[in-house]
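Reading through the structure tokens given below for one structure.
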């Protein structure tokens, strides 16, 4: 387990986010190493989802820099001056980053199989046969190979989220972002999704996981970051933080959720 | 567990309640059926309907040609309007302020002036612009043609109807695009899709569920609005044909009935078409059983061979992609 970041896959430096006058993120620094599972917790409104959404530019970055694999996200640095990337260039950067949403956001007019095949075929230009084979492999991996022909409305929340994970994996990303992936699920369906995420972590995928699942953080997380009020309050080894939170705000939050 | 099982195996005695009586339904049925009977009786007994004349002219060459022209105008104007409306709706959502403003101004103008006025205008276009000239603005000319040879009465009618309709449809399309959850575009963006692909493959197909019913309404409206093309003047449509025959025979009522019958027939056919289009775009959302695959069969297939279970699912999907 690496806590020191020599050559991190993701580097977030001095990230600020404003919505008009509202200062949501107030200078976030976070490094995520290759193969690391970085879990982010915090009360709602703490800015943890906003930070995650900045990493693949679903939110614009007001100040600071994010780089993934050494490449600056959203900008080109020309002699110290930042230039906005074109929409196409941003799309290309997003292909390397998979994202799983709280509300799944599967395409309701496509079956599970075609949800997964959509991006490989229409973004990467893979052949239908290759994409179909890969999609079936992924469905098998998330335990849903007999649901390939089902539309999202025919699947439970947990099944939909597993298809959503498979959909993101189909692009072979080097980084996976999870935005409260189990928060919209019935309690008995949470386990299946977490198991898929655990398997993914074991396979060496780099993951940033915004969640309320403290158990997942303890068991799978390599690093735990507690955010509150738009800043990182405490960050380090999950087991250590969960056992001995140093900051009073972390203590207060954990006493409420544990 | 065992007592549970036994409970289920005991014969179930269904409740057999006395239903609530609905005398209002019987009374309303008597009143409405009575009125209908009187009306039907008048249809058969009132000689002024002149059903013999209706029979003579319903398949008259002029009338059938009028039906064909009315269909041509309706379909061409709607196709033109739909193409323009998609463009206008996309422009209205664009980040480019020039596009947003142009789209708004187009809708403002074509929705804000009467269709009759616009049709007369298109008929008079050659008075305003006698020649259409190609070349560099304020520079040399490459070619020049008479406006009348390009914008015939048919072209003027289709342009007039289509451009006016595009303004209404643009608003319908805009509402449809707005009805799609923002998370859909976000999910597609996160997969690295470009803006155009997101629009055509993700947002628009879902928006169609909202767009199709009012567009069907507009198509049926267009069918009847074509009767205004005499303003151009275009003189081959159904209403003009039946009016001409009525004036010649001095029998307006039976020829109005002829026109009404044809309009009703076409409207009914359009409604059937709309039903199928709605079903197509509603797939995955409307009228879906919990599972289209028989769960028992799927389970049995899974028991035999794990890979076989996926087969029927795959086959189910094929038509969707092959249709493209």
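Protein chains in written order, with my numbering: chain A, 1 to 258; chain B, 259 to 582. Note that CB positions come from ideal geometry on N, CA and C, so glycine has one too.
Nearest chain B C-beta to residue i closer than 7 angstroms, yes or no?
i: residue 52 of chain A; result: no
i: residue 18 of chain A; result: no
i: residue 56 of chain A; result: yes
i: residue 241 of chain A; result: no
i: residue 105 of chain A; result: yes
i: residue 75 of chain A; result: no
i: residue 99 of chain A; result: yes
i: residue 83 of chain A; result: no
i: residue 123 of chain A; result: yes
i: residue 162 of chain A; result: no
i: residue 119 of chain A; result: yes
Which residues bound the alpha helix (DSSP H) around residue i?
i: residue 122 of chain A; result: 112-122
i: residue 286 of chain B; result: 281-303
i: residue 315 of chain B; result: 309-315
i: residue 50 of chain A; result: 48-55
i: residue 63 of chain A; result: No alpha helix (DSSP H) contains residue 63 of chain A, which is instead part of the beta strand (DSSP E) from 63-68.
i: residue 186 of chain A; result: No alpha helix (DSSP H) holds residue 186 of chain A; DSSP gives it neither H nor E.
By how many angstroms is the C-alpha of residue j removed from the C-alpha of residue i?
i: residue 289 of chain B; j: residue 301 of chain B; result: 19 angstroms
i: residue 165 of chain A; j: residue 480 of chain B; result: 46 angstroms
i: residue 420 of chain B; j: residue 151 of chain A; result: 37 angstroms
i: residue 492 of chain B; j: residue 391 of chain B; result: 25 angstroms
i: residue 305 of chain B; j: residue 502 of chain B; result: 22 angstroms
i: residue 171 of chain A; j: residue 430 of chain B; result: 35 angstroms
i: residue 496 of chain B; j: residue 521 of chain B; result: 9 angstroms
i: residue 82 of chain A; j: residue 75 of chain A; result: 6 angstroms
i: residue 517 of chain B; j: residue 157 of chain A; result: 54 angstroms
i: residue 142 of chain A; j: residue 227 of chain A; result: 30 angstroms
i: residue 268 of chain B; j: residue 139 of chain A; result: 42 angstroms
i: residue 222 of chain A; j: residue 340 of chain B; result: 54 angstroms
i: residue 176 of chain A; j: residue 244 of chain A; result: 29 angstroms
i: residue 98 of chain A; j: residue 135 of chain A; result: 15 angstroms
i: residue 153 of chain A; j: residue 537 of chain B; result: 16 angstroms
i: residue 554 of chain B; j: residue 438 of chain B; result: Note on residue 554 of chain B: pLDDT 48, under 50, position unreliable in the model; no value is reported.
Can you give me the start and stop residues for the beta strand (DSSP E) that residue i sits inside?
i: residue 136 of chain A; result: Premise fails: residue 136 of chain A lies in the alpha helix (DSSP H), 128-141, not in any beta strand (DSSP E).
i: residue 400 of chain B; result: 399-404
i: residue 29 of chain A; result: 22-32
Report whether the distance from the Cβ of residue i to the nearest heavy atom of the ligand ZN is below 6 angstroms.
i: residue 10 of chain A; result: As far as ligands go, the structure on display features none, and thus does not contain the ligand ZN.
Is the Cβ of residue i closer than 7 angstroms to any Cβ of chain A?
i: residue 445 of chain B; result: yes
i: residue 452 of chain B; result: yes
i: residue 245 of chain B; result: No answer is possible for residue 245 of chain B: it lies beyond the span of chain B, which begins at 259 and ends at 582.
i: residue 356 of chain B; result: no
i: residue 543 of chain B; result: yes
i: residue 460 of chain B; result: yes
i: residue 455 of chain B; result: yes
i: residue 435 of chain B; result: no
i: residue 448 of chain B; result: yes
i: residue 441 of chain B; result: yes
Original post:
Between the segment 108-124 of chain A and the segment 439-452 of chain B, do at least 3 Cβ pairs fall closer than 8 angstroms?
Top reply: With the cut-off at 8 angstroms, the segment 108-124 of chain A and the segment 439-452 of chain B touch.
Original post:
Taking Cβ-Cβ distances below 7 angstroms as the criterion, which residues of the segment 164-188 of chain A are in contact with chain C?
Top reply: This model lacks chain C altogether; the protein chains it does include are A and B.
Original post:
Can you list, in chain order, the stretches of the alpha helix (DSSP H) that have 4 or more residues and sit fully within the segment 476-538 of chain B?
Top reply: 496-507
**OP:** For the segment 173-185 of chain A and the segment 208-220 of chain A, state whether three or more C-beta atom pairs, one from each stretch, are separated by less than 8 angstroms.
**Re:** yes
**OP:** Give a yes or no on contact between the segment 509-522 of chain B and the segment 302-316 of chain B, applying the rule of three or more CB pairs nearer than 8 angstroms.
**Re:** They touch, by the three-pair rule.
Original post:
Within the chosen definition, does the segment 183-202 of chain A reach the segment 13-33 of chain A through at least 3 CB pairs nearer than 8 angstroms?
Top reply: no
**OP:** Enumerate, from N- to C-terminal direction, the unbroken beta strand (DSSP E) stretches of 3 or more residues contained entirely within the segment 347-427 of chain B.
**Re:** 389-393 and 399-404
Original post:
Counting pairs of beta carbons, one from the segment 331-347 of chain B and one from the segment 532-543 of chain B, are three or more of them closer than 8 angstroms?
Top reply: no
Subject >> Inter-stretch contact (C-beta, 8 angstroms, three-pair minimum) for the segment 451-464 of chain B and the segment 118-125 of chain A >> reply: yes
**OP:** Report yes or no: do the segment 34-44 of chain A and the segment 55-64 of chain A share at least 3 C-beta pairs separated by less than 8 angstroms?
**Re:** The segment 34-44 of chain A makes no contact with the segment 55-64 of chain A: fewer than 3 CB pairs, one atom from each, lie closer than 8 angstroms.
Subject >> Three CB pairs or more closer than 8 angstroms across the segment 461-469 of chain B and the segment 396-410 of chain B >> reply: No, because fewer than three Cβ pairs between the segment 461-469 of chain B and the segment 396-410 of chain B fall closer than 8 angstroms, the two stretches do not touch.
Original post:
Could you give the uninterrupted runs of the alpha helix (DSSP H) lying entirely in the segment 429-455 of chain B, keeping only those of 4 residues or more?
Top reply: 440-448
Subject >> Touching by the beta-carbon criterion (3+ pairs, under 8 angstroms), the segment 368-385 of chain B and the segment 406-422 of chain B >> reply: Enough Cβ pairs lie closer than 8 angstroms, so yes.
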